[in-house]
Every structure is written in C-alpha cells, then in structure tokens.
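382 is the number that my numbering gives to position 382 of the sequence shown; each next residue is one higher, with no gaps.
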Amino acid sequence: MTACLGTKLDLEILQHITAPQPVEEFLEQGAAHCIFVRQQERNHANGTENTTQNASWEFAHDIIQETIYHGWIPSYQDRICYHYRLGRKLWRVLNEEQLEDYLFLVVSQLVFASDLLTDDRERIAIARLCLSAGIKGVASSNFRKAYYFLQQGNVVLGPQGWHRQYDLWLELHNAAAEVATSLGDFEVTFEHVAHVVDHARSFDDSLRALTTKVHALGNSGKFQQSSDEGLALLGQLGVDLPWKPSKIRIMLDWWLISRRLRRKSNESLMRLPEMTDPQKLAAMQVLNLIFVAVAVVNIELTAVIGLKMISLTLDHGLSALSCVAFGVFAFSVGAIGQDPDQSYRFGQLSFMLYEKYGTRAYLARISAIHFEGSHCWQRPASEMFGPLQNAYQVGLETGDVEFALLCACLPSWVKIEYECLPKLEQELSVLRERMKKYRQTTFEMFTRPVHDTVHNLMGLSEDPTILKSPLAGEQITKAIKDNTLGSVHMWAKAHEVLLCCLFGKYQIAKDLSLTASEIAKGGFGPLGGSFVMFYCGFAEVALARETKRGRALMAKKYSRLLGKWSIRAPQNFLGNHSFLEAELAALANDKRTYLKFVNAIAVLKETKHTLLVAFANERLAYYLRDIEKTDESLSYFREALTVYQDFGAKAKVSHLMECMQRMGYNQQPAASG
1 MTACLGTKLD LEILQHITAP QPVEEFLEQG AAHCIFVRQQ ERNHANGTEN TTQNASWEFA
61 HDIIQETIYH GWIPSYQDRI CYHYRLGRKL WRVLNEEQLE DYLFLVVSQL VFASDLLTDD
121 RERIAIARLC LSAGIKGVAS SNFRKAYYFL QQGNVVLGPQ GWHRQYDLWL ELHNAAAEVA
181 TSLGDFEVTF EHVAHVVDHA RSFDDSLRAL TTKVHALGNS GKFQQSSDEG LALLGQLGVD
241 LPWKPSKIRI MLDWWLISRR LRRKSNESLM RLPEMTDPQK LAAMQVLNLI FVAVAVVNIE
301 LTAVIGLKMI SLTLDHGLSA LSCVAFGVFA FSVGAIGQDP DQSYRFGQLS FMLYEKYGTR
361 AYLARISAIH FEGSHCWQRP ASEMFGPLQN AYQVGLETGD VEFALLCACL PSWVKIEYEC
421 LPKLEQELSV LRERMKKYRQ TTFEMFTRPV HDTVHNLMGL SEDPTILKSP LAGEQITKAI
481 KDNTLGSVHM WAKAHEVLLC CLFGKYQIAK DLSLTASEIA KGGFGPLGGS FVMFYCGFAE
541 VALARETKRG RALMAKKYSR LLGKWSIRAP QNFLGNHSFL EAELAALAND KRTYLKFVNA
601 IAVLKETKHT LLVAFANERL AYYLRDIEKT DESLSYFREA LTVYQDFGAK AKVSHLMECM
661 QRMGYNQQPA ASG
C-alpha cells in the first residue's frame, strides 16, 4: 500500500497505514533493505542540513517505488483495489481536521475505484469529497488540481448524476466550468455549460452556467457573442440595456445618477442595506463580466453598464460587486474628463467597499479599472506600477486571469514613453507568452501594437512606420462595419500615428488619426486618451507646418482639452499639452515658440517622458533651423540623438542622422552610448 502514496511519505499517514506496527520500525526495516531513506540523510548527502527532529521519509529512488507499484501489484484491477482500500481506511480513521489536511490524498485514492462503486450512497459521499477537494484547490490557487477533482466528482456520479443527486451534480458542473475558464480551457467550459443547460430544471438553475459562458466567450476573444448573450441574459433578469445608446440617453442617465450620488457621502453609501434579490445579484454579476467585451466592441455601452450597476446598488442595496460598480462608474466619468473629482472619489470608494467585503477575487478587477480610469486625475501615472503588480498576482491566485493580465498590460502600455526600450521589449515578450498560455486573446491583441512599436523603434523591422496589425484585412473591414474589435483596430492605428509622427510621415499620420482619434472618446481612459490626442493633434500641426496649409483646428481643440486636464493633473498631462502648444506656436509664427519648446522639454524631463523629451528636442532643432539659427539647432539635434540612443530607439537615431545629413550637417553629431 505504501507504494500507492507516491515517492514522498508522510509519517502521520504511514502511522495509520502500518498500525498496529510502529511506523518507525516499519521504515527502519525498509531502510535496512535500501527501500526507504530519511530525508535528513539525503539532504546531508547533498551538502545541506536538516535539523528537524521528525525528519520525513521517502523511497530511496523513484525506480524503487515504481518497481514495487507495478511489479508487486502487476494487475491493474489489483492496483485499483489497493488504492480504494487505502482511501477507505484513511477516510475511516482520520478525524474531521485530519481529513481536511489530507483531503487531496484521500480523494485521489478513492476516485481510482469509480468504476467499481455499486452503492449509490457511497458514490454520492465520494462525489461530495471531490467537490470539497475542488473547492480547496481553488482556494489554494491550484486550479489544475481543482479541475481534476471536480471532474472526478462528475465521473463518480456517472452520466445520470443529474438524476442521482441533482444539486451536487449541478454544483460540480458549475464549479468545473468556472475553473476551466480560469485555466483557459474554454471548450471544456462550454461542454459543462451545455450539460447544465440541457438538464437544468429551471432558468434559475441554469443562470450560473449561462453567466460563466458569457465570461468564457469574452475571455476567448468572442467579444460580440459575449456581449450579445450577456445583454440577452440581462433581459431575462429584467434589466434591459440598449445596444446602441444615444448620447442624450447616456447624458440624461448620468445626470440623474450623479444627482442621486451628490446627496450621499461615501460613509452614507457604505451604510446602504444589503442586496438580497437573487436576480439583481445575478444581473450585477453579468454586468461585471461583460464589461471588457463591451469595451472592445461598443465603447459607448461601457458608460451604460456603469450607470446600471450604480442604479441597481442604489435601488436594491450593496453587495460584494458594488466595489466593481463604483469602479466602473468612476472609469466612465473619468475617461473623458467629464468630472475628474467625482471620478477619483468613486474610485476610492470602490476600494473602501472592497475592504468592507474582503473579496480578494475582485482586487484585480477594481485595480485595473481604477488605475486606467480615475487614479491619474490626482496621482502620477508611475505610482500605479506597484499596486498593479500586486493586483496581478492576486488575480492569478483567485482565478481572475482576464483582469490579472490587464493589470500586467496597463503599465506596459504607459511605459513606452518612460522605459528603456530593450527592457520593455523583454517585459512585453514575457507578458505576451503568458497571455497565449492562458489563451487571453483580448489583451494579447491590445498588447501586440505596443510590442510592435517597440520593435520598430529599436530598428527590428524593415519599415518602422508599419505595424503588423493584430487583425487581418478582412477582419478589419468587418470590425469597422459591425463595430466589433473596433477598439483593437483603433489602438493599433494610434501607434501607427505615433510612428508616422516620429518618422516624418505627417500626411499618413493625419489620415490614420481619423480612425485613432475615436479613442479620445473615452474607451481607453484618460492616459490612453491623452496619448492619442497628443499624437493626432501633432500630426495635424506638423502637416500644416510642412505644407503651409491648414489651421489645425482639431489640434487646437485637443490642446484646450489637454490644458484643462493639466490643471487637474499636471504630472500626467502638462508635458503633452506644453509640447502641443509649442507646435501650435511654431505654426502661428509666435515669438514665444522657442520659450514654449524649452518649457515643454523641462516639463517632460521632470515627468520622465523620455521619448517625448527626445522628440521635443528634435522638433525645437527643426524650428531653429527654419528660422536660420543653425548653430543652436545643432545642439538640440545632438541632445535628441543622445536621448534617443540612451532610450534604445536605434531606428530613430538612424533616421534623424540621415535627415541631418540631407540638411547639410556634415559634422556627425556625437551620441552617447
């Protein structure tokens, strides 16, 4: 029987197996025949010390354990019987606390005999143990082991389990579907959901499975289907959302909700009664789970989701999901700069509610939403890196892989202007591999344009202004037509605008900005919005300066908006605003242009926007050359080259040096290395 336990031996378990023979006597006899060895002795042989008095034991070699297991118990049926007898014995002699400690071991022994079980009561009891082991596996973040035990529970119950023990069968399939989603095994998820839907006795009984399906569809990249089925499910729960909400409808709902919230302090909101209506709780969960899918295919609807979650909370009470509700609402309010103070307030409230309910499973979710949408209105963007790393770890531990990886993505999307490119390239490579491992298509597609932009700047592509689109040509056409995956396409185009601006292709950048500028409407939060507004505005100004045509009206609009944002959060938006203002001054032949550029460079240095520091130096150099201050322009060209090279932007260094040679700068500027 000992060989059935594996190579490592637990003294307490062995005591139960070898009784009445003392376990030490049994082990010493085995050691005399070189079958067992003390772990302490092995550590000493390996040059390490183990001073624990109760040193553990193990088989002297894996081959010995395998030989005993397969050689002394040659029959497969006999091995099953040994496992079953061992599991039954441990199940009988262990007390409740011991059984909890050794639950994985006991259940793993019992499930070997699933085909031999004839007593329905015993089948049900073992299936319950499997469910407990699965729940324990989830709690310990061992999702692969959790799924194994949950699936074994279904095997033990048999194909007619829904007849034999309906409630237990339902719980096993629902739990297995959720764990499979966390593992990225979406086909398995859909199989479990189908079993539940086929045999559920009521809509309420199928609700959990249908909710899991909506979540898995979004996780697997089927954003439109996830959104459609989520909205249909909400309709069955009595919560109707319009697929194409009008701006008037959104603004009216926002005004009504804001009016209700302004009358309540955070403390009074924290004292709201508990939500008890099962259907409203289910609706909150569906709204929570479709947020990402909706954000990808229908940006306008994300605001409606936040408003509806707040409305349900105010009308029916608080729940653990209220922290997500206020987080989504804060994101929606803050994403377009509509009310930054309220955005930050409700972002903080979401964390207060998280602390109240202590539901770790939602930390990654509210962290990603808060740091993308409302945190930057009062704190530097760089302060999000540490908390998001912690939320990423918690998300993986609790099975919220989708938002865990979003927490990992967000810093990398921002770091493209801050961090040395070779280091960022390594981080992005690791991150994308992890996304592929978990089959998280959504954020892998959003991260790819950032990764490709880094590659292009580092000189790892033939044409630095062209990205490998995350969508193929037909997908792009369909995405724009059906408004599916449109956000991915816009995000990719935004990074092509950046590259075309940096490499002097202003007409192409201006054309691309027509698509990319949709991001400024709020789907990517204020940091993403300011990024797009700056480069789209810059493209318009630079083209007007180059062609001597155009008044750059859109750039002026973006500059005014960035100016308002800069008053709220200068550490995050003042650099972009100052740079764009300097470009507009150059277009208008403003005498203050030089001072505006110098001021922009100083602000960008202070906020550590390294890429823009180099770019601003380059643009100032061009301006000085245009007004025939050649010697001064050379010093700024040199500074731009130095920063680009230290930043790791080899393609940009080569491009700028070629431009300088064409302009007649025969003395090659020295770049530090």
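Backbone N, C-alpha and C fix where the C-beta goes; we use that ideal spot for every residue, glycine too.
K436 versus G221 - alpha carbon distance
12 Å
What's the C-alpha gap between S140 and M352?
25 Å
Does E66 come out as helix, strand or coil in the three-state DSSP assignment?
helix
Only counting the same chain, and skipping five residues up and downstream in sequence, which positions put a Cβ closer than 6 Å to that of Q225?
L217
Say the cut is 7 Å; is the CB of L580 nearer than that to a heavy atom of the ligand ZN?
With respect to the ligand ZN, the structure offers nothing, as it holds no ligand at all.
For the candidate residues F36, V188, L561, R379, whose alpha-carbon lies nearest to that of T62?
According to the sequence displayed, residue 62 carries Asp and not Thr. For the residues F36, V188, L561, R379, the minimum Cα distance to D62 belongs to F36.
To the nearest angstrom, how far is it from the Cα of K481 to the Cα of F329?
Note that K481 scores 46 on pLDDT, short of 50, meaning its location in the model is unreliable and no value can be drawn from it.
Would you kindly check if the distance between the Cβ of A283 and the Cβ of V239 is under 8 Å?
yes
How many angstroms separate the CA atom of V214 from the CA atom of G137?
24 Å
Range of the contiguous beta strand (DSSP E) that encloses E58:
57–59
Name the residue from D315, Q378, L168 whose alpha carbon lies nearest to the alpha carbon of D277.
D315
For W57, does the count of other Cβ atoms within 10 angstroms reach 16, so buried, or fall short, so exposed?
buried
From the DSSP output, which residues share a beta bridge with R38?
W57
I think I369 touches G327, with their Cβ atoms under 8 Å apart; what is that distance to the nearest whole Å?
4 Å
Determine the DSSP secondary structure at K605, reduced to helix, strand or coil.
helix
Simplified DSSP state of K505, which is helix, strand or coil
coil
Look up L620 in the DSSP assignment and say whether it is helix, strand or coil.
helix
When the distance is taken between beta carbons, is A127 closer than 8 Å to L172?
yes
If I measure Cβ to Cβ from C407 and keep anything under 7 Å in the same chain, skipping five residues before and after, which residues do I get?
A364, S367, A368, L388, A391, Y392, G395
Is there contact here, the segment 579–586 with the segment 521–540, by at least three beta-carbon pairs under 8 Å?
yes
The alpha helix (DSSP H) that contains S258, what's its start and end?
247–262
Taking the straight line between their C-alpha atoms, what separation do you get for H70 and G30?
18 Å
Quick test of the definition: if touching needs 3 or more C-beta pairs under 8 Å, does the segment 106–122 touch the segment 150–159?
yes
Burial state of E433, where buried means 16 or more other Cβ atoms lie within 10 Å:
exposed
Run the CB neighbour count on M490, radius 10 Å, all protein chains shown included, and call it buried at 16 or more, exposed below.
buried
First and last residue of the uninterrupted alpha helix (DSSP H) at P380
No alpha helix (DSSP H) holds P380; DSSP gives it neither H nor E.
What residue range does the alpha helix (DSSP H) around W91 cover?
76–93
Label A177 either buried or exposed according to how many other C-beta atoms from any shown protein chain fall within 10 Å of its C-beta, with 16 as the threshold for buried.
buried
By DSSP, does E274 sit in helix, in strand, or in coil?
strand
From E187 to Q440, what distance separates their C-alpha atoms?
14 Å
My output table needs one value for L241: the three-state DSSP class, helix, strand or coil.
coil
I'd like the list of long-range same chain contacts for C34, defined as Cβ closer than 6 Å, with 5 residues on each side in sequence excluded.
A60
How many angstroms separate the CA atom of E425 from the CA atom of P449?
12 Å
Skipping 5 residues on each side, what residues in its chain have a beta carbon closer than 7 Å to that of D205?
L170
Buried or exposed, going by whether 16 or more other CB atoms sit within 10 Å of the CB of D452?
buried
Strictly by DSSP, which residues pair up with L9?
W57
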